[in-house]
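Read through the structure below, which is laid out as structure tokens, and then see the notes.
Protein chains: 2
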Amino acid sequence: MTDTDLVDALAQLSFLVQNALAEIGAQHDLSLVQVRLLGVLRDHEPTMQELGRHLGLDKSSISGLVDRAQRRGLVTRTASPVDRRVTHVSITETGQRLATEGAAVFAEHISSLVAGLSAADRRTLTRLAHQVISNGSRVSEEHD
Amino acid sequence: MTDTDLVDALAQLSFLVQNALAEIGAQHDLSLVQVRLLGVLRDHEPTMQELGRHLGLDKSSISGLVDRAQRRGLVTRTASPVDRRVTHVSITETGQRLATEGAAVFAEHISSLVAGLSAADRRTLTRLAHQVISNGSRVSEEHD
DNA sequence: CGAGAAGGTTCGTGGTACAAACTAATTAGT
DNA sequence: ACTAATTAGTTTGTACCACGAACCTTCTCG
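In order, the protein sequence lines correspond to chains A and B. For the first sequence, the positions run 600 to 743 when this note's numbering is used. For the second sequence, the positions run 600 to 743 when this note's numbering is used.
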């Protein structure tokens, strides 16, 4: 296997990005999952179960996660009109503001990381990352 | 800011890689931090505090982490001969085996993710990732 | 209508992270 | 040399996070 270097680089890179995300969250007392939660809720109003699939978590984990976020006024639960078993989760004004701010800080942080790359290199990196990602979703769909 | 796409791609990519890592760990009942712990210990025999710096964790967190890993026979503590306050952490035979196996599975997984890329693209991705990484370590060193 | 399936919650267990208080060992200051 | 301040690690208390199992309610299907 000649790709050890690439494997290593991707691993390190992933930690770099995740640490940035965790750090930014921490500045507002948010854990990584809570950051992800708000991130998802920015453009969706999913049911608990959809949320679970999205985040790869058990439904019981979602219950607790939403509980805590709700206690802090970041999200709300709303009953579905069509099926009284399901509850939708939506982001509040406060949560929205936090998410937007955080996203901006994150974007800035990442931008500083790739600041040393030429515009062409950045485009290339974007393209390659997308390729890997689409490859990844294909792979994970095989396990349904 | 024209780099939203790149920011997004890197974020998604990082989750892809971390999920792979977490999944592989989970198959041996290892959390992500424990995977990282074994990863570090593969080629170092650090003190508790060095470990903490390496993983970005508080020393009390390290105590617990090493406690649990030690309870499972993955690592051992050894007293330093030169300074009786410090304890070094080293990986056991069992831990070593686990780490090596896991690393192989991980490499395989990542390789499958980048399988769609040409050899030239893989080389380019490696180069760009390294550039971002070195940029990232530089940035984080500014906060010492 | 009754049996079973599906969406969520609750509970119990254990890992994770931090801060604060504490012990033991080393280093500095005088 | 002897005390004072530092440093390495541990312990304790609190909160979060994740899971599985048991449970309740609400559909759905036969």
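Glycine included, every Cβ here is placed at the ideal spot set by N, Cα and C.
Quick one: using the 10 Å Cβ neighbour count with 16 as the cut-off for buried, is residue i buried or exposed?
i, result
"residue 718 of chain A", "exposed"
"residue 725 of chain A", "buried"
"residue 713 of chain A", "buried"
"residue 630 of chain B", "exposed"
"residue 743 of chain B", "The predicted position of residue 743 of chain B is uncertain, since its pLDDT is 48 and thus under 50; a value taken from the coordinates is nonetheless stated next. With fewer than 16 Cβ atoms within 10 Å of its Cβ, residue 743 of chain B is classed as exposed."
"residue 701 of chain A", "buried"
"residue 678 of chain B", "exposed"
"residue 659 of chain A", "exposed"
"residue 733 of chain A", "exposed"
Should residue i be flagged as near chain B, meaning a C-beta pair shorter than 7 angstroms?
i, result
"residue 637 of chain A", "no"
"residue 617 of chain A", "yes"
"residue 698 of chain A", "no"
"residue 725 of chain A", "yes"
"residue 735 of chain A", "yes"
"residue 623 of chain A", "no"
"residue 715 of chain A", "yes"
"residue 558 of chain A", "Absent from the model: residue 558 of chain A. The displayed extent of chain A is 600 to 743, so no value can be given."
Output yes if chain A places a C-beta closer than 7 angstroms to the C-beta of residue i; else output no.
i, result
"residue 721 of chain B", "yes"
"residue 630 of chain B", "no"
"residue 688 of chain B", "no"
Residue i: which of the options sits nearest, CA to CA?
i, options, result
"residue 645 of chain A", "A:613, A:686 and A:729", "A:686"
"residue 602 of chain A", "B:736, B:716, B:700 and B:632", "B:716"
Tell me where the alpha helix (DSSP H) around residue i begins and ends.
i, result
"residue 711 of chain B", "692-712"
"residue 604 of chain B", "603-625"
State yes or no: is the C-beta of residue i within less than 7 angstroms of the C-beta of residue j?
i, j, result
"residue 690 of chain B", "residue 665 of chain B", "no"
"residue 608 of chain B", "residue 708 of chain A", "no"
"residue 693 of chain A", "residue 672 of chain A", "yes"
"residue 627 of chain A", "residue 697 of chain A", "yes"
"residue 639 of chain A", "residue 653 of chain A", "yes"
"residue 731 of chain A", "residue 623 of chain A", "no"
"residue 617 of chain B", "residue 617 of chain A", "yes"
"residue 744 of chain B", "residue 651 of chain A", "Nothing can be reported for residue 744 of chain B: it is not among the residues displayed for chain B, which extend from 600 to 743."
"residue 721 of chain A", "residue 656 of chain B", "no"
For the beta strand (DSSP E) that residue i lies in, which residues bound it at each end?
i, result
"residue 674 of chain A", "674-678"
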